[in-house]
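Some notes on the structure that comes next.
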Amino acid sequence: MFRMIAIVAGVGLALAGSAEAQTPRKGGTIRMTAPYGSSFTSLDIHTTQRAQDEIYAKALHRSLYIWNSAEGKPVLELAKEDVVSGGGLVHTFKLRDDAYFHNGRKMTADDVIWSYNRIMDGTKAFPGARFVRVIEGAAAVEKGQAKEISGLKKIDDFTIEMKLTEKVDPGFYFFTALTSIYPADEGAKDSFIQHPIGLGPFKFVEHVPGSRIVLERWDRFYKPGKPYADKIVVSIMGEAAARDVAFRNKEIDTSVLGPAQYVAYQSDAALKGTIVEVAEVFTRYMGMNPSFKPFADKRVRQAINYAIDTDLIINKLVKGKAYRATSWLPLTSPAYDKAMKPYPYDPAKAKQLLAEAGYPSGFEFEWTTSQNESWGLPIVSAVIPMLDKVGIKAKVKQVETAVLAEVVRSGDYQAFIYSQASGPDPLAALKCFHSATPQPACNYMTYKNADFDKIVDAAGQADDPAKRIELLQKANALLYEEAPVWFFNYNKAVMAVQPWLKGVQLNATELTHQNVEDLWVDETSPAK
Amino acid sequence: MLSFLFRRLLQTVPTVLAVVLLVFVLFSVVPGSIVSSMSDDSDPQVEERMKKQLGLDDPVYVRFGKYIAKLSTGDLGTSFRTREPVTTMIAKRAWPTLQLVFAAMAFAVVIGVPLGFIAALKPGGIVDTLAMMVAVSGLSIAKFWLGLVLMYLFALKLGWLPSFGYGDGGLKYLLLPAVTLGVSPMALFARTTRAAVLEIMTADFVRTARSKGMSETRVVKWHVMRNALVIILTTVGLQFGALMGQAVVVEKLFSWPGIGSLLVDSVLQRDIPAVQGSILVVVLAFLAINLLIDVLYGVIDPRIRYA
Chain S
1 MFRMIAIVAG VGLALAGSAE AQTPRKGGTI RMTAPYGSSF TSLDIHTTQR
51 AQDEIYAKAL HRSLYIWNSA EGKPVLELAK EDVVSGGGLV HTFKLRDDAY
101 FHNGRKMTAD DVIWSYNRIM DGTKAFPGAR FVRVIEGAAA VEKGQAKEIS
151 GLKKIDDFTI EMKLTEKVDP GFYFFTALTS IYPADEGAKD SFIQHPIGLG
201 PFKFVEHVPG SRIVLERWDR FYKPGKPYAD KIVVSIMGEA AARDVAFRNK
251 EIDTSVLGPA QYVAYQSDAA LKGTIVEVAE VFTRYMGMNP SFKPFADKRV
301 RQAINYAIDT DLIINKLVKG KAYRATSWLP LTSPAYDKAM KPYPYDPAKA
351 KQLLAEAGYP SGFEFEWTTS QNESWGLPIV SAVIPMLDKV GIKAKVKQVE
401 TAVLAEVVRS GDYQAFIYSQ ASGPDPLAAL KCFHSATPQP ACNYMTYKNA
451 DFDKIVDAAG QADDPAKRIE LLQKANALLY EEAPVWFFNY NKAVMAVQPW
501 LKGVQLNATE LTHQNVEDLW VDETSPAK
Chain Y
529 MLSFLFRRLL QTVPTVLAVV LLVFVLFSVV PGSIVSSMSD DSDPQVEERM
579 KKQLGLDDPV YVRFGKYIAK LSTGDLGTSF RTREPVTTMI AKRAWPTLQL
629 VFAAMAFAVV IGVPLGFIAA LKPGGIVDTL AMMVAVSGLS IAKFWLGLVL
679 MYLFALKLGW LPSFGYGDGG LKYLLLPAVT LGVSPMALFA RTTRAAVLEI
729 MTADFVRTAR SKGMSETRVV KWHVMRNALV IILTTVGLQF GALMGQAVVV
779 EKLFSWPGIG SLLVDSVLQR DIPAVQGSIL VVVLAFLAIN LLIDVLYGVI
829 DPRIRYA
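Chain order of the listed sequences is S and Y.
Just so we're aligned: 195 in the working numbering is position 195 of the first sequence, and the numbers increase by one with no gaps anywhere.
Just so we're aligned: 558 in the working numbering is position 30 of the second sequence, and the numbers increase by one with no gaps anywhere.
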């Protein structure tokens with residue numbers, strides 16, 4: 001499924017295909033960019049959930065699982081085997097016995113247990129706690145009621161048993177850098193934050209705050225022959241225009257493109273072939289507060305979906321750098337239903353629904369937005385006249401992105417526009433609409449529907465993967481019908497990749513997060 | 529002189545306290561908090577614990593009191609984001625910012641002051657017109673745009689310099705950011721120098737010097753230049769502070785690892801200790817430079833004496 005979508009989406013597939021046909025070259029320097037801000041948050045990756053930080057962490061650290069872009073799912077990384085028992089709740093992991101930390105010490109079960117216990121230190125509020133909490137007894141450690149996670153047992157040096165609180169695929173919980181495995185002895189030292197040690201294919205050399213991180217090949221990395229490159233430099237480049245110059249000047253190997261650059265690169269014969277794109281697992285939408293009377297009526301919410309010419313906005317304003325959303329689950333979700341069609345642009349139908357709902361003359365609402373160019377003020381400004389046509393007046397309330405996150409979680413809004421992770425786990429994504437999910441977690445619209453809950457619960461209990469997908473598709477279709485949001489788009493992540501950089505993966509969870517051991521540069525790279 | 533210095537140092541205390549208070553109050557009332565930017569956790573207890581650990585559960589006045597108490601011992605606190613001491617974070621970034629600001633200032637002074645001087649010697653002439661055209665342009669051009677143009681020209685087209693980065697901190701990495709930052713003060717210095725020189729040239733003591741038969745070179749060197757320098761120095765001092773602030777844009781554009789980019793990210797993520805520390809360092813640098821300039825007044829113009 002994922003591969004098929006990648007073929008449709010990936011203009012850079014020819015590039016990836018030709019890479020596979022060649023023998024990877026050893027040596028050279030890979031020059032990546034971190035485009036989401038002007039610094040890295042911290043060298044302690046347990047403390048930060050920013051996409052920016054995971055770019056370097058993919059080289060430095062490893063977790064129990066890793067995201068496999070080709071398969072579109074997490075696969076075992078630090079474990080060789082996972083034996084499931086106890087009705088799907090108990091996982092016995094056989095760990096790798098050839099994984100060495102950058103200080104030369106071999107990883108053991110103690111390091112895994114120590115790392116997960118650290119993440120559950122409630123006084124530190126590590127963001128990865130929301131993943132580790134799925135292990136039985138983890139919440140007790142977080143609350144200070146226990147010292148160690150009871151559901152995590154060391155069988156021997158290379159075997160651990162993990163008892164979960166619910167029947168989920170642990171891969172979706174333990175593949176990001178937030179749950180990286182640290183060396184127990186070193187990770188506790190204060191010096192760790194200045195000189196981090198991990199299990200990744202590259203070891204730490206230098207961090208120039210606000211400018212770059214340099215890493216060099218770890219010769220004892222557990223994948224034979226990998227990594228290919230000698231060195232990785234991750235330059236912090238928050239300004240798109242500066243990245244553009246540096247990319248054209250061949251000073252960097254990758255550059256994330258915004259809508260304007262996407263158009264410019266597509267129309268430039270020399271740069272067109274460098275574009276790589278993928279549908280990321282983020283859904284952009286306008287959330288409607290059901291406690292605001294008009295939005296409590298499904299017909300009003302549907303009317304809004306009919307009243308907005310979404311395709312026009314995506315094509316003209318977002319410059320085609322997005323995929324039209326049908327319902328909540330994105331294109332790259334295993335539970336995405338190709339047969340579903342998005343709401344058509346039909347103002348007459350919108351007016352009819354409004355009249356039926358008792359709002360023949362429309363109504364007025366306040367719309368909270370950030371300045372984000374892809375899902376913020378410019379989009380709101382384009383939508384307002386469309387809503388006006390059917391009698392709905394929107395008053396804009398502009399806030400900073402950091403403030404918007406608080407507004408959304410507290411429910412202090414009538415409507416808001418946002419971008420939210422809707423994958424990679426379709427079950428977790430749909431659980432955000434489960435009535436048992438608290439608003440601050442991700443049920444931002446305090447959505448409540450007994451039928452929906454029942455379907456999602458059944459999907460969670462289903463042992464048969466096909467049955468599970470079928471149920472999730474049903475839940476997704478119900479969301480479409482219920483329209484708790486205006487389904488705007490799924491993000492199309494676009495990156496320019498120099499022709500000499502090979503092995504780039506179309507990672508739907510975040511395109512900049514590359515399994516760097518698979519990347520290599522050919523002899524035409526200026527950074528030989 | 530010593531008592532003057534002592535008095536000036538004492539005068540900086542209320543200024544620093546006012547800045548600290550202002551920043552503290554500002555970040556206590558603006559919406560958004562570090563807790564929401566660090567974790568999107570569902571458990572409200574987690575948020576509460578995090579607030580407690582960061583000391584955000586105390587009333588504002590208690591937090592301010594604790595901050596001042598720490599500050600008096602030279603402790604700028606611990607960053608909410610990185611959990612590093614703020615002094616360590618600033619120490620890593622202070623040198624690149626100072627490098628950038630001093631280089632920009634050197635460029636501005638070396639180009640701007642002579643340009644203004646030459647322009648003033650023949651007002652209305654071709655040199656004056658051209659110099660003032662450059663000056664007005666320099667003041668009007670946005671730094672972001674200028675930086676991109678310089679990158680395009682010197683990196684992409686000519687291939688002489690790298691377009692971004694700190695490298696080893698050497699000159700070839702410093703040139704483009706420094707020129708980008710320095711163009712605006714260069715233009716200001718040119719205009720200020722021109723105006724100062726023109727005014728001094730018509731002063732009574734200059735006319736007297738000329739009537740006494742003093743050569744034009746000596747008039748310019750001994751009377752015009754030294755008197756103009758006092759005005760120029762004042763402008764330089766004020767511009768130093770402005771450059772520390774404006775460096776934010778340039779640092780971000782060129783991936784230069786200074787305090788500016790630290791400040792921007794800290795503000796966006798509501799990392800209050802890092803914001804306070806960064807602003808405090810910028811303010812202290814500004815005050816120190818202006819104190820130095822006050823001292824230099826006396827060196828340049830012996831008539832200025834400090835009681």
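From the three backbone atoms N, C-alpha and C, an ideal C-beta is built for every residue, glycine too.
Self-check item: Close beta carbons around P201/S, own chain, < 8 Å, minus the five adjacent residues each side
Solution: A59, R217, W218, F221, K223, K226, P227, V516 and E517, listed in sequence order.
Quiz item: Just the Cα atoms here: how many angstroms apart are S449/S and H434/S?
Solution: Per the sequence shown, the amino acid found at residue 449/S is Asn instead of Ser. The straight-line gap from Cα to Cα measures roughly 8 Å.
Quiz item: Looking at the C-beta of R212/S, does it have a partner C-beta in chain Y at a distance below 8 Å?
Solution: For R212/S, the answer is yes, since a Cβ of chain Y falls inside 8 Å of its Cβ.
Self-check item: Within 8 Å, strictly: CB atoms of V396/S and A307/S
Solution: Against a cut-off of 8 Å, the Cβ pair of A307/S and V396/S comes out as no contact.
Quiz item: By how many angstroms is the C-alpha of P440/S removed from the C-alpha of E454/S?
Solution: Looking at the sequence itself, residue 454/S is Lys, so the reference to Glu does not match. Between K454/S and P440/S, the C-alpha separation is close to 22 Å.
Quiz item: Taking the continuous beta strand (DSSP E) assigned at Y694/Y, which residues delimit it?
Solution: Careful: Y694/Y lies outside any beta strand (DSSP E) and carries neither H nor E.
Quiz item: Which residues mark the beginning and the end of the alpha helix (DSSP H) in which P801/Y is found?
Solution: Residues I800 to I828.
Quiz item: How big is the Cα-Cα spacing for L674/Y and T708/Y?
Solution: C-alpha separation (whole angstroms): 6 Å.
Quiz prompt | Closer than 8 Å to chain S by CB, G560/Y | solution = True, the Cβ-Cβ gap to chain S drops below 8 Å.
Quiz item: Nearest CA to the CA of Q52/S: which residue from Y65/S, I392/S, G210/S and K143/S?
Solution: Here the closest residue by C-alpha is G210/S.
Quiz item: Between K700/Y and chain S, is there a C-beta pair that is closer than 8 Å?
Solution: Residue-level contact check: K700/Y does not touch chain S, since none of the beta carbons of chain S fall below 8 Å from its beta carbon.
Exercise. Spell out whether any CB of chain Y is found under 8 Å from the CB atom of E206/S.
Key: Not an interface residue.
Quiz item: What number of angstroms, rounded off, separates the C-alpha of V380/S from the C-alpha of G258/S?
Solution: Cα atoms of V380/S and G258/S: separation of roughly 18 Å, rounded to the nearest angstrom.
Exercise. Between the Cα of D464/S and those of Y265/S, A241/S, E373/S and G87/S, spot the shortest distance and give me the residue it belongs to.
Key: Comparing Cα-Cα distances from D464/S to each of Y265/S, A241/S, E373/S and G87/S, the minimum goes to G87/S.
Quiz item: Excluding sequence positions up to five away, which residues of its chain have a Cβ less than 7 Å from the Cβ of M784/Y?
Solution: Note on residue identity: the sequence assigns Trp, not Met, to residue 784/Y. Only P624, L628, Y694, P705 and V778 meet the Cβ criterion.
Exercise. Go ahead and label V558/Y buried or exposed: buried means 16 or more other beta carbons lie within 10 angstroms of its beta carbon, across all protein chains shown.
Key: With fewer than 16 other Cβ atoms within 10 Å, it is exposed.
Quiz item: Beta-carbon separation of G537/S and G128/S under 8 Å?
Solution: Residue 537/S lies beyond the stretch modelled for chain S, which goes from 1 to 528, so this question has no answer here.
Quiz item: Checking contacts by CB at 8 Å: is S556/Y closer than that to chain S?
Solution: S556/Y does not count as touching chain S.
Quiz item: Using a Cβ-Cβ distance under 8 Å, would I236/S count as near chain Y?
Solution: Contact with chain Y is found for I236/S, since one of that chain's Cβ atoms lies less than 8 Å from the residue's Cβ.
Practice problem: Could you tell me whether the stretch 496-503 of chain S touches the stretch 476-488 of chain S, using the rule of 3 or more Cβ pairs below 8 Å? | Solution: With contact defined as three or more Cβ pairs closer than 8 Å, the stretch 496-503 of chain S and the stretch 476-488 of chain S are not in contact.
Self-check item: Pick from A659/Y, V637/Y and G773/Y that is closest to L812/Y, judged by C-alpha positions
Solution: Distances from the alpha-carbon of L812/Y to those of A659/Y, V637/Y and G773/Y put G773/Y closest.
Quiz item: Going by other Cβ atoms of all chains shown within 10 Å of its Cβ, with 16 needed for buried, is I155/S buried or exposed?
Solution: By the neighbour-count rule (16 or more Cβ atoms within 10 Å), I155/S is not buried but exposed.
Self-check item: Per-residue DSSP class, three states only, for Y480/S
Solution: In the structure shown, Y480/S sits in a helix (DSSP, three-state: H, G or I).
Quiz prompt | Cut-off 7 Å between Cβ atoms - residues of its own chain near V551/Y, not counting five sequence neighbours on either side | solution = Contacts found: V803, Q804 and I807.
Self-check item: Enclosing beta strand (DSSP E) for Q398/S [first to last residue]
Solution: For Q398/S, the enclosing beta strand (DSSP E) stretches over residues K393 to Q398.
Quiz item: Grouping DSSP H, G and I as helix and E and B as strand, with all else coil, what is Y56/S?
Solution: Annotated three-state conformation of Y56/S is helix, per DSSP.
Quiz prompt | Test: I5/S CB closer than 8 Å to a CB of chain Y | solution = Per-residue confidence for I5/S stands at a pLDDT of 44, beneath the threshold of 50, marking its modelled position as unreliable; no derived number is given.
Quiz prompt | Coil, strand or helix - H513/S by DSSP | solution = In this structure, H513/S counts as coil in the three-state DSSP scheme.
Practice problem: Kindly list the residues whose CB is nearer than 7 Å to the CB of Q302/S, restricted to its own chain and excluding five residues on each side of it in sequence; keep chain order. | Solution: Closer than 7 Å at Cβ, skipping near neighbours: L353 and A483.
Exercise. Flag P424/S as yes if its beta-carbon sits less than 8 Å from any beta-carbon of chain Y, otherwise no.
Key: Not an interface residue.
Quiz item: If you run the structure through DSSP and keep just helix, strand and coil, what is M32/S?
Solution: Residue state, collapsed to three classes: strand.
Quiz item: Looking at the structure shown, is T283/S part of a helix, part of a strand, or coil, going by DSSP?
Solution: Strand, per DSSP.
Quiz item: Got a sec: is the Cβ-Cβ distance from K431/S to anything in chain Y below 8 Å?
Solution: Under the 8 Å criterion on CB atoms, K431/S is classed as non-interfacial with respect to chain Y.
Quiz prompt | Exposure label - L43/S; buried when at least 16 CB within 10 Å | solution = Buried, since its Cβ has 16 or more Cβ neighbours within 10 Å.
Quiz prompt | Own chain, CB closer than 7 Å to H61/S, minus 5 neighbours either side, in chain order | solution = Only residues of its own chain outside the window of five on either side were considered, and among them I45, A177, S180, G198, L199 and G200 have a CB closer than 7 Å to the CB of H61/S, listed in chain order.
Practice problem: Would you list the one or two residues that DSSP bridges to V278/S? | Solution: Beta-bridge partners assigned by DSSP to V278/S: A493/S.
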